[in-house]
Amino acid sequence: MEVGLKIDLPEHVQAIIGKLEEAGYEAYAVGGCVRDSLIGRIPGDWDITTSAKPGEVKALFARTVDTGIQHGTVTVLMDKMGYEVTTYRVDGEYEDGRHPREVEFTASLLEDLKRRDFTINAMAYNDRCGIVDIFGGRQDLKDKIIRCVGDAMERFSEDALRILRAVRFSAQLGCTIAESTRQAVSSLAGNLKHISAERIQAELVKLLLSDNPQYLKDAWELGITAVILPEFDAIMKQEQNTPHHCFNVGGHTLKAMELVKPDKVLRLTMLFHDMGKPLVHSSDEEGRDRFYGHPDVSEEIAGRVMRRLRFDNDTIGKVCRLVKYHDTHPVLKPANVRRLVHKVGNELFLSLLLVQEADIRAQSTYKREEKLEALLKLKEIYQDILRDSDCLSLKDLKITGKDLIGDGMAPGRELGQVLQGLLDDVLSEPEHNTKEYLLDAARKLRRQYNTP
Ligand SMILES: Nc1ccn([C@@H]2O[C@H](COP(=O)(O)OP(=O)(O)OP(=O)(O)O)[C@@H](O)[C@H]2O)c(=O)n1
Numbered sequence: 001m002e003v004g005l006k007i008d009l010p011e012h013v014q015a016i017i018g019k020l021e022e023a024g025y026e027a028y029a030v031g032g033c034v035r036d037s038l039i040g041r042i043p044g045d046w047d048i049t050t051s052a053k054p055g056e057v058k059a060l061f062a063r064t065v066d067t068g069i070q071h072g073t074v075t076v077l078m079d080k081m082g083y084e085v086t087t088y089r090v091d092g093e094y095e096d097g098r099h100p101r102e103v104e105f106t107a108s109l110l111e112d113l114k115r116r117d118f119t120i121n122a123m124a125y126n127d128r129c130g131i132v133d134i135f136g137g138r139q140d141l142k143d144k145i146i147r148c149v150g151d152a153m154e155r156f157s158e159d160a161l162r163i164l165r166a167v168r169f170s171a172q173l174g175c176t177i178a179e180s181t182r183q184a185v186s187s188l189a190g191n192l193k194h195i196s197a198e199r200i201q202a203e204l205v206k207l208l209l210s211d212n213p214q215y216l217k218d219a220w221e222l223g224i225t226a227v228i229l230p231e232f233d234a235i236m237k238q239e240q241n242t243p244h245h246c247f248n249v250g251g252h253t254l255k256a257m258e259l260v261k262p263d264k265v266l267r268l269t270m271l272f273h274d275m276g277k278p279l280v281h282s283s284d285e286e287g288r289d290r291f292y293g294h295p296d297v298s299e300e301i302a303g304r305v306m307r308r309l310r311f312d313n314d315t316i317g318k319v320c321r322l323v324k325y326h327d328t329h330p331v332l333k334p335a336n337v338r339r340l341v342h343k344v345g346n347e348l349f350l351s352l353l354l355v356q357e358a359d360i361r362a363q364s365t366y367k368r369e370e371k372l373e374a375l376l377k378l379k380e381i382y383q384d385i386l387r388d389s390d391c392l393s394l395k396d397l398k399i400t401g402k403d404l405i406g407d408g409m410a411p412g413r414e415l416g417q418v419l420q421g422l423l424d425d426v427l428s429e430p431e432h433n434t435k436e437y438l439l440d441a442a443r444k445l446r447r448q449y450n451t452p
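Going by UniProt numbering, the sequence shown opens with residue 1, and the numbers climb by one from there.
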């Protein structure tokens, strides 16, 4: 890894540091922004650490917000951008529910850096002093090593989330974890049970969206998933004795996650797609030999785990739908494809194709070409459907509930049934999607359902 020497501070960061220094305080950019700048990554945000107390920071800047004043953090606003300015602190932020969450300020940068999690995150920088690297962070960045600052057992006892962060950073940066740090992760992984679901979720997502989502295996080996995602440990034990697979379910899952682009919904779908399924041997509509999983079980597990980890409903809904249909391979005729698009949702269908491709490529080579060819054909049919603007949902029907009411039908459940019946017809025969045809068909359906 190319590790630089100089950091180009953004104008606002320079201005904040400059103003604090002019007033007689020390101030540095610190943590993730220094780490990322040194390896040429664009920092997500710029944090500043200072010897000034929160009240003193507030007195110097026109616009501030007390975002975490109890932890010594004030957000300084500049042109609508916010920069967290935190007073040098001695103690870690005890988040395990067993320690008091009091903070103690210090006048020493060294003390502040000492309480940070990893050497690569414990560097500070300003234009006057250059890089302050007391714990060998630059060397560890070069060597690609995640190592705790000082005693790893102490750092992890201060905040157990750091145990998961160790694997997250190793996945993001393609690093190994130093032996002493690894041992501490392994012995303290159980403490992750004290950490809130929201904080676990944020780190897990960063791990999954990294260049190395397969490092989740490390989290498993170190006993982390046993605490935060035991469902993953279950699939790491589950063999698949079918010609389609060369890995156990866990190994296949890791490979499949690597094969989709770093998108939250896609990576989560691959993580959950085969969870909890016993394989069932069967044959499909065309008599082809198939080994089905039980996507409904996987869908249920995906929903349960994501709710436990407090994911938002939109993400849960999309992932569950993709998991449910990941193994549905329709007969390759437009009507069947339109029905599947309707069930999955047009907005998610391209994602489903990506999921199915990754799933196939993460299996053994047995019949792979055949499966990929079928997928290609499915894509072509889907493109034709889009090109012809075929009706794929109720909102595409050339008739509405209002039209049916205008035709004398009473509002209510039957009206919904009639509309569904019309959609079913049009999914098979797109040319039936005309107002005239549908009004007529609705009348027949009403007679069938015996409604006025
Ligand atoms: N549990 C934690 C969380 C954070 N930090 C320190 O606070 C800095 C900022 O933390 P955060 O914003 O969570 O992470 P970043 O390192 O900035 O990385 P990213 O932006 O990728 O989350 C870290 O670099 C580290 O010095 C820590 O010591 N222990």
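Just so it is clear, CB atoms sit at the ideal spot from N, CA and C, and this is done for glycine as well.
As the structure is a prediction and not an experimental result, all values here were calculated from the model.
Report task. In angstroms with no decimal places, state the Cα-to-Cα distance between Gly97 and Leu376. Result -> Residue confidence for Gly97 is low, a pLDDT of 48 falling below 50, so the modelled location carries little weight; the figure read from the coordinates is stated next. Looking at the two C-alpha atoms, the distance is approximately 52 Å.
Query raised in the report: Would you report the Cα separation of Leu161 and Asn313, rounded to the nearest angstrom?
Result: 24 Å
Query raised in the report: Would you call Ile177 buried or exposed, if buried means 16 or more other Cβ atoms sit within 10 Å of its Cβ?
Result: buried
Query raised in the report: Tell me which same chain residues have a C-beta within less than 6 Å of the C-beta of Pro100, skipping the five on either side of it?
Result: The predicted model places Pro100 with a pLDDT of 47, which falls under 50 and marks its position as unreliable; any figure quoted below should be read in that light. The answer is none, since no qualifying residue turns up.
Query raised in the report: Hey, would you say Ile106 sits closer than 9 Å to Thr86, going by beta carbons?
Result: The question names Ile, yet the displayed sequence has Thr at residue 106. Cβ distance not < 9 Å, so Thr106 and Thr86 don't count as in contact.
Query raised in the report: With a cut-off of 9 Å, does the C-beta of Leu423 fall near any C-beta of chain B?
Result: Going by chain labels, chain B is absent from the structure shown, which holds only one protein chain.
Query raised in the report: Can you tell which of Glu369, Glu102 and Lys19 has its C-alpha closest to the C-alpha of residue 454?
Result: Here the chain covers residues 1 to 452 and nothing more, so residue 454 does not appear.
Requested in this report: Specify the secondary structure class of Ile145 as computed by DSSP and reduced to three states.
Outcome: strand
Query raised in the report: In three-state DSSP terms, what is Tyr366?
Result: coil
Query - Helix, strand or coil at His432 [DSSP, three-state] - result: helix
Report task. Taking the CB atoms as reference points, tell me whether Ser393 and His342 lie closer together than 9 Å. Result -> yes
Query - Neighbourhood of Leu445 by C-beta, 6 Å cutoff - its chain only, sequence neighbours within 5 removed - result: Val418 and Gly421
Query - For Met78: DSSP bridge partner residues - result: Met81
Query raised in the report: Any heavy atom of ligand 1 closer than 8 Å to the CB of Ala152?
Result: no
Query raised in the report: If you run the structure through DSSP and keep just helix, strand and coil, what is Arg116?
Result: coil
Query raised in the report: When you compare each of Thr365, Glu369, Thr225 and Glu104 to Ser51 by their alpha carbons, which one comes out closest?
Result: Glu104
Query raised in the report: Excluding sequence positions up to five away, which residues of its chain have a Cβ less than 7 Å from the Cβ of Arg307?
Result: Ile316
Query raised in the report: In whole angstroms, what is the alpha-carbon distance linking Val355 and Glu158?
Result: 39 Å
Query raised in the report: Which runs of the beta strand (DSSP E), 3 residues or longer, sit entirely within the region 372-437?
Result: none
Query raised in the report: Among all the DSSP beta bridges, which residues are the ones paired with Gly68?
Result: Thr73
**Report entry** Cβ pair count under 8 Å reaching 3, the region 393-412 against the region 431-438
**Finding:** yes
Query raised in the report: In its own chain, which residues sit with a C-beta less than 8 Å from the C-beta of Val337, not counting the 5 before and 5 after it?
Result: Pro330, Leu378, Ile381, Tyr382 and Ile385
Query raised in the report: What is the C-beta distance between Tyr88 and Thr49, in whole angstroms, given that I count them as a contact (C-beta under 8 Å)?
Result: 6 Å
Query raised in the report: Among Val305, Thr269 and Arg310, which has the Cα closest to the Cα of Asp327?
Result: Thr269
Query raised in the report: For Val149 versus Arg182, is the C-beta distance shorter than 9 Å?
Result: no
Query - As assigned by DSSP and simplified to three states, the class of Tyr125 - result: strand
Requested in this report: Using a threshold of 9 Å, state whether the C-beta atoms of Met123 and Val34 are closer than that.
Outcome: yes
Query raised in the report: If you drop the 5 nearest sequence neighbours on each side, which residues of the same chain put their C-beta closer than 8 Å to that of Lys237?
Result: Asn248 and Gly250
Requested in this report: Would you tell me roughly how many angstroms separate the C-alpha atoms of Tyr437 and Arg443, rounded to the nearest one?
Outcome: 10 Å
Requested in this report: Could you give the DSSP three-state label for Thr328: helix, strand or coil?
Outcome: coil
Requested in this report: Check Ala23 in the structure and name its three-state DSSP category.
Outcome: coil
Requested in this report: Would you tell me roughly how many angstroms separate the C-alpha atoms of Lys264 and Pro411, rounded to the nearest one?
Outcome: 40 Å
Query raised in the report: In three-state terms, what does DSSP make of Ala52?
Result: coil
Query raised in the report: Three or more beta-carbon pairs under 8 Å between the region 166-175 and the region 197-207, yes or no?
Result: yes
Query raised in the report: Using a threshold of 8 Å, is the CB atom of Cys33 nearer than that to any non-hydrogen atom of ligand 1?
Result: yes
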